[in-house]
Amino acid sequence: MFSTSTQRHFWMFKDETDVSNARLSANLKYISSRGKNMTVAERETHFLNATDEKSLIMSYEYQLRDFCRKFHPPMPRYVVGTALHYLKRFYVNNSVMDYPPKEILVTCVYLACKVEEFNVSMDQFVGNLKGDREKAATIILNNELLLMQQLDYQLTVHNPFRPLEGLMIDMKTRFPTFSDPERLRPGIDEFLEQVFYTDAILIYSPSQISLAAIIHSASTSKENVDEYITKILFSEDQKRLLNLIEAVKKIRVMVRNIQLPHRDTIKTLEKKLILCCNPDNNSESPAFKKRMKQSFDDEESFEDGQYPSASSEQVRSMLLGLSEMGKI
Numbered sequence: 030m031f032s033t034s035t036q037r038h039f040w041m042f043k044d045e046t047d048v049s050n051a052r053l054s055a056n057l058k059y060i061s062s063r064g065k066n067m068t069v070a071e072r073e074t075h076f077l078n079a080t081d082e083k084s085l086i087m088s089y090e091y092q093l094r095d096f097c098r099k100f101h102p103p104m105p106r107y108v109v110g111t112a113l114h115y116l117k118r119f120y121v122n123n124s125v126m127d128y129p130p131k132e133i134l135v136t137c138v139y140l141a142c143k144v145e146e147f148n149v150s151m152d153q154f155v156g157n158l159k160g161d162r163e164k165a166a167t168i169i170l171n172n173e174l175l176l177m178q179q180l181d182y183q184l185t186v187h188n189p190f191r192p193l194e195g196l197m198i199d200m201k202t203r204f205p206t207f208s209d210p211e212r213l214r215p216g217i218d219e220f221l222e223q224v225f226y227t228d229a230i231l232i233y234s235p236s237q238i239s240l241a242a243i244i245h246s247a248s249t250s251k252e253n254v255d256e257y258i259t260k261i262l263f264s265e266d267q268k269r270l271l272n273l274i275e276a277v278k279k280i281r282v283m284v285r286n287i288q289l290p291h292r293d294t295i296k297t298l299e300k301k302l303i304l305c306c307n308p309d310n311n312s313e314s315p316a317f318k319k320r321m322k323q324s325f326d327d328e329e330s331f332e333d334g335q336y337p338s339a340s341s342e343q344v345r346s347m348l349l350g351l352s353e354m355g356k357i
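Converting from the sequence shown to my numbering requires adding 29 to each position, the first position being numbered 1.
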């Protein structure tokens with residue numbers, strides 16, 4: 030049940046301003062940490078601001094969608110929805126400058142496959158990626174524990190697809206004057222695909238989003254479902270009806286106002302990201318490669334009977350944990 034879920038209690042925000050403030054806090058925290066010895070002007074030039082980060086995240090959300098569309102075997106849409114939830118949640122509290130979004134993206138999809146029981150092996154999964162697949166598998170396993178930690182191990186996601194099907198059945202059963210609700214399906218599916226690229230999934234319940242999709246599709250098709258909403262669903266609860274009407278309006282506005290950043294803008298932001306990202310978490314950086322090499326050297330030393338330092342022991346424990354997770 031959504032009403033008693035961790036999603037409802039820990040991952041829902043009051044409004045768009047609340048979400049923006051969380052992203053701004055993550056952005057400023059990273060800048061203050063990495064730019065201690067810079068002037069204000071130098072920080073503004075060197076780092077991405079919160080608006081830049083939001084644009085990048087939206088770009089990567091579309092990349093996640095495209096990856097999942099081409100995935101083999103075909104990926105159910107609820108898995109894609111869960112992966113997008115994870116990506117949004119992760120970057121609400123973390124900066125894209127701190128953790129490479131391309132790596133977190135594929136980790137979100139991999140974890141969503143596990144949680145939603147869409148059973149694909151690691152070999153099958155990386156077979157859908159271009160480039161060095163062995164390296165990709167290592168990156169995913171290295172990031173999987175981090176992702177779960179940042180999600181506070183609250184991995185169950187309630188997507189709007191299930192309540193949508195319940196509403197469609199209810200319309201067919203209790204609203205017989207509206208013939209064939211299935212004809213609304215194309216508009217509903219289009220709306221639900223777009224809503225995941227807004228912050229609505231962090232603010233409104235799955236049932237509110239699914240109802241907004243039905244109302245939107247009916248409106249664009251010149252159909253009328255007002256009687257179903259007012260006389261069947263909420264005939265005895267006018268307060269809930271008023272709250273719902275307001276929520277639906279805001280959700281539809283959010284979808285209507287989606288603006289995907291121009292490709293040239295994204296390219297410019299990605300170039301800037303390379304210069305200001307945290308090298309300790311960037312798998313392409315010399316610092317990261319040196320740290321990983323040291324970790325594996327320490328592990329080999331441990332197996333040879335030598336005792337690594339305390340920090341190395343911690344790293345080894347993490348690596349062993351990741352190794353075990355890879356067997357799930």
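Every residue gets a Cβ at the ideal spot worked out from N, C-alpha and C, and that includes glycine.
query                                                                                                                                                                                           : result
Could you check whether the segment 204 to 223 touches the segment 153 to 170, counting it as contact only if at least three pairs of C-beta atoms, one from each stretch, sit closer than 8 Å? : no
Considering only the beta carbon of each residue, do residue 190 and residue 200 sit closer than 8 Å?                                                                                           : no
What residue does the alpha helix (DSSP H) around residue 132 start on, and which one ends it?                                                                                                  : 130 to 144
Considering Cα atoms alone, identify which of 86, 159 and 141 is closest to residue 99.                                                                                                         : 159
May I ask whether a heavy atom of the ligand ADP can be found less than 7 Å away from the beta carbon of residue 285?                                                                           : No copy of the ligand ADP appears in this structure; indeed no ligand is present at all.
Span of the alpha helix (DSSP H) holding residue 55?                                                                                                                                            : 45 to 63
Should the segment 39 to 52 be called in touch with the segment 229 to 245, which here means at least 3 C-beta pairs below 8 Å?                                                                 : yes
Does DSSP classify residue 158 as helix, strand or coil?                                                                                                                                        : coil
Is residue 34 closer than 8 Å to residue 245 when the C-beta atoms are compared?                                                                                                                : no
Cα-Cα, which of 143, 83 and 101 is closest to residue 112?                                                                                                                                      : 143
Just how far apart, CA to CA, sit residue 86 and residue 130?                                                                                                                                   : 8 Å
Would you please state the rounded distance, in angstroms, between the beta carbons of residue 302 and residue 277? I believe it to be under 8 Å.                                               : So it is not a contact: roughly 36 Å between Cβ atoms.
Have a look at residue 253 and residue 247 and give me their C-alpha separation to the nearest angstrom.                                                                                        : 6 Å
Less than 8 Å between the beta carbons of residue 90 and residue 53, yes or no?                                                                                                                 : no
For residue 63, count neighbouring Cβ atoms within 10 angstroms of its own Cβ and tell me buried if that reaches 16, exposed if not.                                                            : buried
If I'm right that residue 298 touches residue 124 with Cβ under 8 Å, what's the distance once you round it to whole angstroms?                                                                  : Going by Cβ atoms, the distance from residue 298 to residue 124 rounds to 13 Å, so no, they are not a contact pair.
Taking the alpha-carbon of residue 114 as reference, which of 40, 76 and 73 has the nearest alpha-carbon?                                                                                       : 40
I'd like the list of long-range same chain contacts for residue 128, defined as Cβ closer than 6 Å, with 5 residues on each side in sequence excluded.                                          : 310
Out of 271, 213, 256 and 137, point me to the one whose CA is closest to residue 237's CA.                                                                                                      : 271
Could you give the residue range of the alpha helix (DSSP H) that holds residue 21?                                                                                                             : No answer is possible for residue 21: it lies beyond the span of the chain, which begins at 30 and ends at 357.
Less than 8 Å between CB atoms is the rule here; does residue 255 satisfy it with respect to chain C?                                                                                           : Chain labels in this structure do not include chain C; a single protein chain is all it has.
By DSSP, does residue 248 sit in helix, in strand, or in coil?                                                                                                                                  : helix
Residue 101 to residue 152, Cα distance in whole Å?                                                                                                                                             : 12 Å
With a Cβ-Cβ cutoff of 8 Å, do residue 280 and residue 223 count as a contact?                                                                                                                  : no
DSSP three-state call for residue 167: helix, strand or coil?                                                                                                                                   : helix
Between residue 262 and the rest of its own chain, which residues show a CB-CB distance below 6 Å, the 5 nearest in sequence each way excluded?                                                 : none
Residue range of the alpha helix (DSSP H) that residue 217 falls in?                                                                                                                            : 214 to 224
With a CB to CB cut of under 7 Å and the five nearest residues on each side skipped, what residues in its chain are close to residue 227?                                                       : 283, 284 and 287
If I follow the unbroken alpha helix (DSSP H) through residue 97, where does it start and stop?                                                                                                 : 79 to 98
In its own chain, which residues sit with a C-beta less than 6 Å from the C-beta of residue 350, not counting the 5 before and 5 after it?                                                      : Per-residue confidence for residue 350 stands at a pLDDT of 41, beneath the threshold of 50, marking its modelled position as unreliable; no derived number is given.
Which of the three DSSP states, helix, strand or coil, is assigned to residue 294?                                                                                                              : helix
Can you list, in chain order, the residues of its chain whose CB lies under 6 Å from that of residue 172, leaving out five sequence neighbours each side?                                       : 132 and 136
Expressed to the nearest angstrom, what Euclidean distance is found between the alpha-carbon atoms of residue 185 and residue 154?                                                              : 21 Å
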